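Protein chains: 2
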Amino acid sequence: MSEIILNLPVWVQDFVEDSAGTFPAIEDRMRFVIELSRQNIEHKTGGPFGAGIFEQKNGRLVAAGVNLVESSNCSIAHAEIMAIAFAQKTLGNYNMGAEKGAVFELVTSTEPCVMCLGAVCWSGVKAVVCGARDEDARRIGFDEGPKPQNWVQALAGRGISVVQDVLREQADEVLTEYYERGGLIYNPVR
Amino acid sequence: MSEIILNLPVWVQDFVEDSAGTFPAIEDRMRFVIELSRQNIEHKTGGPFGAGIFEQKNGRLVAAGVNLVESSNCSIAHAEIMAIAFAQKTLGNYNMGAEKGAVFELVTSTEPCVMCLGAVCWSGVKAVVCGARDEDARRIGFDEGPKPQNWVQALAGRGISVVQDVLREQADEVLTEYYERGGLIYNPVR
């Protein structure tokens with residue numbers, strides 16, 4: 001009752017350990033998080049979403065996350081939230097923007113929902129790189145929530161850059177695959 | 191590295207155990223979460239924010255939360271997030287809206303930031319009760335993030351009711367007290 005424990009599945013730990021560890025190009029980073037999203041549905045550990053925190057200048061992977069809402073019984077456990085929480089634990093700082101000489105980037109297989117948009121603001125990351133768009137997630141029944149229309153500009157106004165549509169098609173393919181397999185589309189409003 | 195552990199401080203557990211456990215009136219519930227916010231600054235365990243999940247019909251306390259950003263080194267650990275995660279753990283369900291015959295309510299000492307607004311949407315709670323307003327938090331330097339202007343209507347459109355200004359002055363007093371004591375105003379953008 002007095003503690004919340006959020007575990008990354010063992011396969012994520014193995015996948016991270018077996019990876020290059022450093023992903024110089026933005027497409028390399030996106031390919032990595034899309035593969036997380038794909039494996040998350042293969043392993044049936046959650047929804048079709050993957051994310052990672054990378055050091056921007058060299059592409060060093062700091063932390064990975066996948067959607068664990070069902071398996072952890074916690075609606076907070078989106079991929080981006082997991083990646084941010086693990087990165088802050090690894091860095092020993094609740095503000096990744098406070099690290100001298102390092103800029104951290106969130107790479108996510110689908111654009112953040114409103115909760116994760118807020119989490120980005122408080123995390124200290126200075127860049128967000130997105131694969132699939134909100135409308136790709138909505139097309140298969142997911143809900144991104146009451147996000148401000150101008151969320152990209154809102155982040156820019158806070159010194160957080162956004163890059164959209166990196167390998168969007170490949171990211172979207174995983175969403176479609178999840179839908180076609182009959183994966184749970186978690187949506188408390190319906 | 192492979193798990194995130196978020197602990198409620200021992201004083202919160204004691205405070206919950208020593209409480210009535212059931213809070214029939216909305217003001218009773220608010221008084222409880224304001225007292226959490228006040229004790230959180232007394233105990234120096236985090237920012238001036240408290241929250242709780244209650245069963246709406248009878249006021250039974252399901253879970254309590256306080257802001258633990260600093261003490262847990264995790265920017266996700268807002269009071270509302272902690273309360274939601276603990277309630278879902280207690281209920282054994284990531285969707286509090288799926289519980290037959292029970293409606294759950296989030297009571298929070300200050301209106302939710304954009305991250306917690308999103309977390310509300312995915313939690314399955316059907317009501318949000320707020321003490322201090324966004325502008326009260328902003329006045330002492332906190333940032334509520336890029337929330338949609340019409341967030342109350344946006345939640346209503348999702349079947350989530352919002353009650354504002356319950357004991358607002360008392361809730362705001364704790365914000366002011368925190369500011370006057372020189373409490374950390376965490377804001378990664380500045």
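Residue numbers (our numbering), protein chains in the order written: chain A, 1 to 190; chain B, 191 to 380. Each residue gets a CB set at the ideal place from its N, CA and C atoms; glycine is no exception. The structure displayed is predicted, hence computed values, not measured ones.
Beta-carbon gap between residue i and residue j smaller than 8 Å
i	j	result
residue 54 of chain A	residue 29 of chain A	yes
residue 105 of chain A	residue 127 of chain A	yes
residue 62 of chain A	residue 50 of chain A	no
residue 187 of chain A	residue 141 of chain A	yes
residue 152 of chain B	residue 310 of chain B	Any question about residue 152 of chain B goes unanswered here, given that chain B covers just 191 to 380.
residue 183 of chain A	residue 41 of chain A	yes
residue 191 of chain A	residue 69 of chain A	With chain A covering 1 to 190 only, the question about residue 191 of chain A has no answer from this structure.
residue 10 of chain A	residue 36 of chain A	no
residue 274 of chain B	residue 299 of chain B	no
residue 353 of chain B	residue 319 of chain B	yes
residue 362 of chain B	residue 324 of chain B	no
residue 95 of chain A	residue 265 of chain B	yes
residue 22 of chain A	residue 58 of chain A	yes
residue 246 of chain B	residue 293 of chain B	yes
Start-to-end residues for the beta strand (DSSP E) that takes in residue i
i	result
residue 91 of chain A	Premise fails: residue 91 of chain A lies in the alpha helix (DSSP H), 79-91, not in any beta strand (DSSP E).
Strand pairing of residue i, partner residues [DSSP]
i	result
residue 196 of chain B	A:4
residue 161 of chain A	A:127
residue 53 of chain A	A:63, A:106
residue 322 of chain B	B:300
residue 212 of chain B	B:250
First through last residue of the alpha helix (DSSP H) which encompasses residue i
i	result
residue 149 of chain A	Where residue 149 of chain A is concerned, there is no enclosing alpha helix (DSSP H), given that its DSSP letter is neither H nor E.
residue 260 of chain A	Nothing about residue 260 of chain A can be reported from this structure: the residues present for chain A run from 1 to 190 only.
residue 71 of chain A	69-72
Inter-residue CB distance, residue i and residue j (contact presumed, cutoff 8 Å)
i	j	result
residue 192 of chain B	residue 7 of chain A	6 Å
residue 81 of chain A	residue 276 of chain B	About 16 Å; that fails the 8 Å criterion.
residue 338 of chain B	residue 148 of chain A	5 Å
residue 303 of chain B	residue 335 of chain B	5 Å
residue 64 of chain A	residue 125 of chain A	That pair is no contact at about 14 Å.
residue 278 of chain B	residue 73 of chain A	6 Å
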